[in-house]
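Chemist: With positions in the sequence shown counted from 1, the corresponding number in our numbering is that position plus 619.
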Amino acid sequence: MQQQQRNLFNPRPRPLRFAILEADTPVPGVLAKYGRYGAVFAHLFRQACAPEPLESQLALSSHDVVGDPASYPDPETLDAVLITGSKHSAFEDDDWILRLVAYTKRLLEQPADRPDGRPPVRVIGVCFGHQIVGRAMGAPVGRSDRGWELSVVDMALTDEGKRIFGGETLKIHHMHRDIIHEYPKGTIPLAHTDVCATQAMYIPRRMIALQGHPEFTEDMVREILEMRHKGGIFPDDVFEDAMGRVANAHDGVAIARAFLKFLRE
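Okay, structure coming up:
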């Protein structure tokens, strides 16, 4: 297995220039333990890159796209971006959300053959980021009429989803009520649940996005659930159901490895 993982990274000698677009700030306990979302994803990808060091595979940078509009990285300096989750709604029209949608659209519309010969910047979307990708591609985004989807959830995979993620099903933490109502034209569906039919999508060598949170861990989700229950966002029955699954095993690292394979396609 270790040799297989090493071979995965052989085609490119240099680390990929990979920008994390932070669309939110973590809750206090997560922020104190891990740092901002750039650091949270660095922790995830460090596990996924093992036994190789993270720094030999990815040159990570973090960018606060909510509080600092000037922080957007120049696409000419990048190989890939990841748009994080957020407590905000991707269908809102706040200035920073509209800027993020426009930036994402710009990346997705890059020509396949750029003048300098480099491939287009690849895009990964996670939860809110998944919805931003959908909106940038013209898909309707809004509230789900089936309510919240929380904690560790089993997702059913399409045939292409099974190929990409390497299994028959996928377990992943969720924390959402907003959804993409339909897959954008030209995307390949990868997964669904009873609550959300548009769980993950893919365009080879261009984009992969999913509604769940591979970066989340039990302690992160537990804190968010408790805070939102205390704040009256989650009613007792929803909270108790989610807490009953919060410690379940999940496939976050396996999903991150699938992201790495996507980046090396």
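Beta carbons: idealized from backbone N, C-alpha and C, even for Gly. Keep in mind that this is a model prediction, so the values were computed, not measured.
Which same chain residues end up closer than 6 Å to V659 when comparing Cβ atoms and leaving out the 5 residues on each side of it in sequence?
Modeler: Taking the first residue of the sequence shown as 1, we reach residue 659 at position 40. Excluding sequence neighbours, V659 sits near Y653 and E834.
Chemist: By how many angstroms is the C-alpha of G736 removed from the C-alpha of M846?
Modeler: In the sequence shown, counting from the first residue as 1, residue 846 sits at position 227. In the sequence shown, counting from the first residue as 1, residue 736 sits at position 117. The alpha-carbon atoms of M846 and G736 are separated by roughly 48 Å.
Chemist: Residues bridged to H795 by DSSP?
Modeler: By 1-based counting over the sequence shown, the position of residue 795 is 176. Bridge partners of H795: E768.
Chemist: Judging by CA-CA distance, which residue of F878, H662, L677 and A709 is the nearest neighbour of V685?
Modeler: Numbered from 1 along the sequence shown, position 66 holds the residue referred to as residue 685. Among F878, H662, L677 and A709, the Cα nearest to that of V685 belongs to A709.
Chemist: Rounded to a whole number of angstroms, what is the C-alpha to C-alpha distance between W563 and V646?
Modeler: A question about residue 563 goes unanswered here, because the residues of the chain that appear run from 620 up to 884.
Chemist: Throw me the rounded Cβ distance for the I799 and A758 pair, which I believe falls under 8 Å.
Modeler: Start at 1 with the first residue of the sequence shown, and residue 799 comes out as number 180. Start at 1 with the first residue of the sequence shown, and residue 758 comes out as number 139. Yes, they are in contact, since the Cβ atoms of I799 and A758 sit about 5 Å apart, within 8 Å.
Chemist: Inspect the beta-carbon positions of A731 and G780 and report whether they are closer than 8 Å.
Modeler: Reading the sequence shown from its first residue, position 112 is the one you call residue 731. Reading the sequence shown from its first residue, position 161 is the one you call residue 780. Cβ atoms of A731 and G780: not closer than 8 Å.
Chemist: The beta strand (DSSP E) with S675 in it runs from where to where?
Modeler: As a first step, residue 675 must be located in the sequence shown, where it is residue number 56. No beta strand (DSSP E) holds S675; the alpha helix (DSSP H) holding it covers L673 to Q676.
Chemist: If you measure between the beta carbons of G748 and G786, is that distance less than 8 Å?
Modeler: For the purposes of this step, residue 748 is taken as the residue at position 129 of the sequence shown. For the purposes of this step, residue 786 is taken as the residue at position 167 of the sequence shown. It is not a contact, given that the beta carbons lie outside the stated cut-off.
Chemist: Could I get the ranges of all uninterrupted alpha helix (DSSP H) runs contained in the segment 712 to 758, with 4 residues as the minimum, in chain order?
Modeler: Within the segment 712 to 758, the complete alpha helix (DSSP H) runs of at least 4 residues are 714 to 727 and 747 to 755.
Chemist: Under a Cβ-count criterion, where at least 16 other Cβ atoms within 10 Å of its own Cβ denotes burial, should L844 be classed as buried or exposed?
Modeler: Taking the first residue of the sequence shown as position 1, residue 844 is located at position 225. Buried.
Chemist: To the nearest angstrom, how far is it from the Cα of F784 to the Cα of D714?
Modeler: Numbered from its first residue, the sequence shown carries residue 784 at position 165. Numbered from its first residue, the sequence shown carries residue 714 at position 95. Each residue's alpha carbon lies about 35 Å from the other.
Chemist: Sorted by chain position, which residues of the same chain lie with C-beta nearer than 6 Å to L679's C-beta, five sequence neighbours on each side aside?
Modeler: As a position in the sequence shown, residue 679 is number 60, starting the count at 1. Around L679: F637 and A661.
Chemist: Can K706 and D797 be called in contact, C-beta distance under 8 Å?
Modeler: Mapped onto the sequence shown, residue 706 falls at position 87. Mapped onto the sequence shown, residue 797 falls at position 178. The answer is no: Cβ separation not under 8 Å.
Chemist: Closest by CA to M862, which one among T836, D683 and K880?
Modeler: On the sequence shown, residue 862 is found 243 positions in, with the first residue counted as 1. When each option's Cα is compared against that of M862, the closest is T836.
Chemist: Report the rounded CA-to-CA distance for A877 versus E842, giving the unit in angstroms.
Modeler: Counting from one through the sequence shown, the residue named residue 877 turns up at place 258. Counting from one through the sequence shown, the residue named residue 842 turns up at place 223. In a straight line, the C-alpha of A877 is about 27 Å away from that of E842.
Chemist: From the DSSP output, in three-state form, read off A819 for me.
Modeler: Here residue 819 refers to the residue found at position 200 of the sequence shown. It is a strand residue.
Chemist: In the structure shown, what three-state DSSP assignment does H707 receive?
Modeler: Within the sequence shown, residue 707 is the residue found at index 88, counting from 1. In this structure, H707 counts as coil in the three-state DSSP scheme.
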